[in-house]
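Novice: Residue numbers (the numbering used here): 106 to 314.
The beta-carbon is built from N, C-alpha and C at its ideal position, and this holds for glycine as well.
Please read all numbers here as calculations on a predicted model, not as lab measurements.
Take a look at this one; I'll ask things after.
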């Protein structure tokens, strides 16, 4: 019996691999970010923060490493993603400007929703990435001097926190909207890998038919 052939272009497979890497790194950054959102860093053992020192799966330092390097990988892959889809990015930017000027052509409610969702994802990602890079290179701690790069350290912290929360919420909605594409391409890739991993029929089997 003939196996159903999966027709996935090289570009589609490449996009899937990039999106998969982006999704995994974003998941690490998001989960560790949620950890720090509910278990704040400030405080000391026996101090006013009753959750200080509480261990959830990993030590706080491990969560910190996951958040830092998950975020770094996410930013790097996102840069590759944007470079490969730059024509789409410029097109969406122009459409957003036209939408703001009420010069965009007929657009249904779903199209307009997707447009503004992409805008929210883009803005929240940029703010989260910039503030994350700030904390990556600017030392913290009680004794550290605040360099006052554009904003105070506390302001950068607020930007990183709430831009991150917005990004997570918008990304979940974005992922849900494109769920059919994700499942279709993923099943196609795994089906193809399964077919390639199967041993070829022997010459005796072929001659028997």
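Compare the C-alpha of residue 161 against each of 268, 180 and 137 and name the closest.
Specialist: 137
Novice: Rounded to whole angstroms, what's the CA-CA distance from residue 255 to residue 241? Just pull it up for me.
Specialist: Between residue 255 and residue 241, the C-alpha separation is close to 16 Å.
Novice: In this structure, what does DSSP give as the bridge partners for residue 163?
Specialist: 161
Novice: Check residue 257 in the structure and name its three-state DSSP category.
Specialist: Here residue 257 sits in coil by DSSP.
Novice: Take residue 140 as the anchor and find which of 200, 264 and 165 has the nearest alpha-carbon.
Specialist: 165
Novice: Ordered along the chain, which non-local residues of its own chain (more than five positions away) have a Cβ less than 8 Å from that of residue 123?
Specialist: 182, 185, 186 and 189
Novice: Nearest by alpha-carbon distance to residue 278: which of 126, 220, 236 and 195 is it?
Specialist: 220
Novice: Are residue 272 and residue 226 touching if we call contact CB-CB under 8 Å?
Specialist: yes
Novice: With distances taken from CA atoms, which of 280, 259, 200 and 244 is nearest residue 131?
Specialist: Comparing Cα positions, the closest option is 280.
Novice: Quick check: what's the CA-CA separation for residue 289 versus residue 203?
Specialist: Residue 203 has its alpha-carbon roughly 33 Å from the corresponding atom of residue 289.
Novice: Taking Cβ positions, are residue 233 and residue 175 nearer each other than 8 Å?
Specialist: no
Novice: Taking all protein chains shown into account, do 16 or more other C-beta atoms lie within 10 angstroms of the C-beta of residue 133, making it buried, or fewer, making it exposed?
Specialist: buried
Novice: May I have the straight-line CA-CA distance separating residue 163 from residue 144, to the nearest angstrom?
Specialist: About 13 Å.
Novice: If residue 267 sits next to residue 239, beta carbons under 8 Å apart, how far is it from one beta carbon to the other, in whole angstroms?
Specialist: Not really, about 15 Å apart at Cβ, beyond 8 Å.
Novice: If I'm right that residue 229 touches residue 275 with Cβ under 8 Å, what's the distance once you round it to whole angstroms?
Specialist: 6 Å
Novice: Residues in its own chain within less than 7 Å of residue 286 by CB, not counting five upstream and five downstream?
Specialist: Setting aside the 5 residues that flank it on each side, residue 286 has no residue in the same chain whose C-beta is closer than 7 Å to its C-beta.
Novice: Might you give, ordered along the chain, the residues of its own chain that have their beta carbon closer than 8 Å to the beta carbon of residue 282, omitting 5 neighbours on each side?
Specialist: 219 and 222
Novice: Can you give the Cα-Cα distance for residue 213 and residue 192, rounded to whole angstroms?
Specialist: 22 Å
Novice: Could you tell me the distance, in whole angstroms, from the CA atom of residue 217 to the CA atom of residue 284?
Specialist: 19 Å
Novice: In terms of residue numbering, what span does the alpha helix (DSSP H) encompassing residue 215 cover?
Specialist: 214 to 242
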